[in-house]
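Colleague:
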């Protein structure tokens, strides 16, 4: 008997692989002689191919955004909250494409792939890829799928940066840009945290200059630490307080939520884990390290650091946005301290200066940067009603 | 010819060592069979011994708070901005005592000291010390110096936590408590960052389970990384932006300060340092790692995590503060996101509930947590006028 999925779930999904023989010249000047992109699709492409939505993933994301890979799969895709029949990105209306970016480690060509010219792992020889390179490769995937123009390109965090790049680089191929919890470029603090993550990985004795797969190992501790640092920046202080302070009667009988729950009820007076928050972060970091390639992590953080769409326009983001012809939905979350609302408001200001059609939604939410992945009613409602209008538009265009 | 110091500098200072034969039982239940505390003093103790101020240091601080150790010394003590003739802590008025805490690595007994019972480095066998243990050992130092009651106990950050503990544990021995940029206890986020720092150290291949000195090495990379993480949390996002964005014409011709100055003018498209902020943090981390003991760093972070003066009072901080009989000055800084003003306001609220005499100063400052070390006019003025009143009080008491 087959498993029953909820009616708003896309169900079992089979990833596909697109192979490209073409040479792709990257922003760095280096090039790739052919590459694979793994992707999934949800919903049906209409006959005019006008209802396609592209999902761009964030630092540790992949192509598996919705549904399940098998009947026994315990975990659904990373954006299952937002993608499915009747959900914000409604698969009854849209044909949704979600890919793993170049340099990734979930099936697309990346450092953990075999370099066909050497027969060995790319490892540290895989070239640095930028947001622009990703978007160029996504445009090649669009061609292969026969999608001339996306009804919308959508992404959160690093995904939102790809959305901005789409709007600027391919104005004729995107109708709506939906950019969530992003920033026009990283701040010094953002870069600093990324550098800490990179150092943790490259300092690991098992990193072997990036050739750890050849040595049949991987920098587990370093990757774990990098993820722990990242994880802290994804959560708000108050969200961590609530998450790890639910039962904190020892420290917080007053009901304050400082997240000081102890793991075993007493202090160790040693260097073992004392607080739940430590054990949680370690556990999450460890799980992550078992499933993610360290060289990919390095690449993704550099893509973040380098992102600056204003760079070709004398540093003037408004001029960059003048290239765009799509409409924009920008969303941010009040307690996001990685890319705070102020950074989204910068995007909005430059879009206004460039006289673009924009909607901006700043959502009160306690969950920090991670909010874009969560079922926060005002967020989901705003997201859903915007895309409902997009669907109306394309239906009336077709009529 | 001897070096001329500015008239508001305490000049050349010789550290002293106090040896204690007494056994000190620690909060963990373990005990130390005798120990040393290294300290410095500035100014003169008056005949009634009523003008003494104790300085409590923060995580990476030591006893060398003001002046110089030699004529050729390039760097003055860590709080030279605030301690000296005519400064906020005016050595024309006060006798200032500053010590290196137990477990430290600047001369007081700590993990890098020789354990007299084994003839070997304590290393990881040095017991976990808490803020309470420090304050108890500071009280023993007070006895040795013949100081029955401190005119004030003063500290920032972890130093401010020692100030609170003094007020609660030794109400009869403290006239004024000056607690700057502190918190009543750490949040889950604070603890999480400390755990990342500890993991970076203990993961280092040169940590050797804490016995690195026996192996004639030290966990340089790990300590460097721990310091980098700490350093990020000491600075505000905007302060980092200004600090590393001064010449950022490439990225910020509009004069925005996002701190994206490049180190060499171009992107490397590799994993070398690209941005000034990375190279600065690495340099600072490296310097720190050469001068600080890794086991001490572990101890200090645990003392922070464990600090919770309400713990003996059913978690009710007001009840803890009811024990105190001193007056309080609490100060916080607007952009401090390690211990934000909201955390100082908690302290204030609980002090009000306990009906204590308090002054609270929330200072607009761009420099984040580090503000307490910097010459910010409103801060220095408030600090100075408070202590001027303290001096008036004790002069009129004497009259």
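Residue numbers (the numbering used here), protein chains in the order written: chain A, 1 to 399; chain B, 1001 to 1399. Even for Gly, the Cβ is constructed at its ideal location relative to N, Cα and C.
1. Give the single residue among B:1319, B:1336, B:1370, B:1366 whose Cα lies nearest to the Cα of residue 1349 of chain B.
2. Three or more C-beta pairs under 8 Å: does that hold for the region 37-44 of chain A against the region 373-391 of chain A?
3. For residue 20 of chain A, name the three-state secondary structure that DSSP assigns.
4. What are the start and end residues of the beta strand (DSSP E) that includes residue 168 of chain A?
5. With distance defined between alpha-carbon atoms, name the residue in A:172, A:137, A:107, A:7 nearest to residue 90 of chain A.
6. Do the CB positions of residue 1116 of chain B and residue 1103 of chain B come within less than 8 Å of each other?
7. Please list the residues of the region 1179-1201 of chain B that have a C-beta atom closer than 8 Å to any C-beta atom in chain A, keeping them in chain order.
8. If you measure from the beta carbon of residue 1306 of chain B to each beta carbon in chain A, is any gap under 8 Å?
9. Could you give the distance in angstroms between the alpha-carbon of residue 78 of chain A and the alpha-carbon of residue 1157 of chain B?
10. Which residues bound the beta strand (DSSP E) around residue 1031 of chain B?
11. Helix, strand or coil: which one does DSSP assign to residue 1218 of chain B?
12. Using CA atoms only, rank isn't needed, just tell me which of A:237, A:140, A:164 is closest to residue 1342 of chain B.
13. Should residue 1168 of chain B be flagged as near chain A, meaning a C-beta pair shorter than 8 Å?
14. So with Cβ pairs under 8 Å, would you call residue 1412 of chain B a contact of chain A?
15. Relative to the C-alpha of residue 328 of chain A, which candidate in A:313, A:357, A:316 has its C-alpha closest?
16. State yes or no: is the C-beta of residue 1097 of chain B within less than 8 Å of the C-beta of residue 1037 of chain B?
17. How is residue 71 of chain A classed by DSSP in three states: helix, strand or coil?
18. For a contact meaning CB atoms closer than 9 Å, what does residue 409 of chain A contact in chain B?
19. Against residue 270 of chain A, what residues of chain B qualify as contacts under a CB-to-CB distance less than 7 Å, listed in chain order?
20. List the endpoints of the continuous beta strand (DSSP E) containing residue 95 of chain A.
21. In chain A, which residues lie less than 7 Å from residue 1028 of chain B when you measure between Cβ atoms?
22. At which residues does the alpha helix (DSSP H) containing residue 49 of chain A begin and terminate?
23. To the nearest angstrom, how far is it from the Cα of residue 1317 of chain B to the Cα of residue 1132 of chain B?
24. When the Cα atoms are used, what is the spatial distance from residue 1025 of chain B to residue 277 of chain A?
25. Would you check if the distance between the CB atom of residue 99 of chain A and the CB atom of residue 141 of chain A is smaller than 8 Å?
26. Return the Cβ separation of residue 1239 of chain B and residue 1366 of chain B in integer angstroms, given the expectation that the two are a contact with Cβ distance under 8 Å.
27. Look up residue 1179 of chain B in the DSSP assignment and give the residues it is bridged to.
28. Secondary structure at residue 1325 of chain B, three-state DSSP: helix, strand or coil?
29. For a contact meaning CB atoms closer than 7 Å, what does residue 1274 of chain B contact in chain A?
30. Name the one or two DSSP bridge partners that residue 1262 of chain B has.
31. Residues of chain B with CB under 7 Å from residue 426 of chain A, in chain order?
32. Taking a Cβ distance cut-off of 7 Å, strictly less, list which residues of the region 275-298 of chain A are near chain B, in chain order.
33. Is residue 382 of chain A near residue 361 of chain A, with beta carbons less than 8 Å apart?
34. Can you tell me where the alpha helix (DSSP H) holding residue 346 of chain A begins and where it ends?
35. Tell whether a beta-carbon distance below 8 Å holds between residue 326 of chain A and residue 188 of chain A.
36. Terminal residues of the continuous beta strand (DSSP E) containing residue 1361 of chain B?
Modeller: According to the data block:
1. B:1319
2. no
3. strand
4. Taken as a continuous stretch (DSSP letters only), residue 168 of chain A belongs to no beta strand (DSSP E), being part of the alpha helix (DSSP H) at 158-169.
5. A:7
6. no
7. 1185, 1186, 1187, 1188, 1189, 1191, 1192, 1193, 1195, 1196, 1198, 1199, 1200
8. yes
9. 39 Å
10. 1031-1042
11. coil
12. A:237
13. no
14. In this structure chain B extends from 1001 to 1399, so residue 1412 of chain B is not present and cannot be described.
15. A:357
16. no
17. coil
18. The question about residue 409 of chain A has no answer, for chain A in this structure spans 1 to 399.
19. 1128
20. 95-99
21. 269
22. Premise fails: residue 49 of chain A is in no alpha helix (DSSP H) and is neither H nor E.
23. 15 Å
24. 29 Å
25. yes
26. 5 Å
27. B:1155, B:1330
28. coil
29. 305
30. B:1275
31. No information on residue 426 of chain A is available, as it lies outside the stretch 1 to 399 that chain A covers here.
32. 275, 277, 278, 281, 298
33. yes
34. 341-353
35. no
36. 1358-1363
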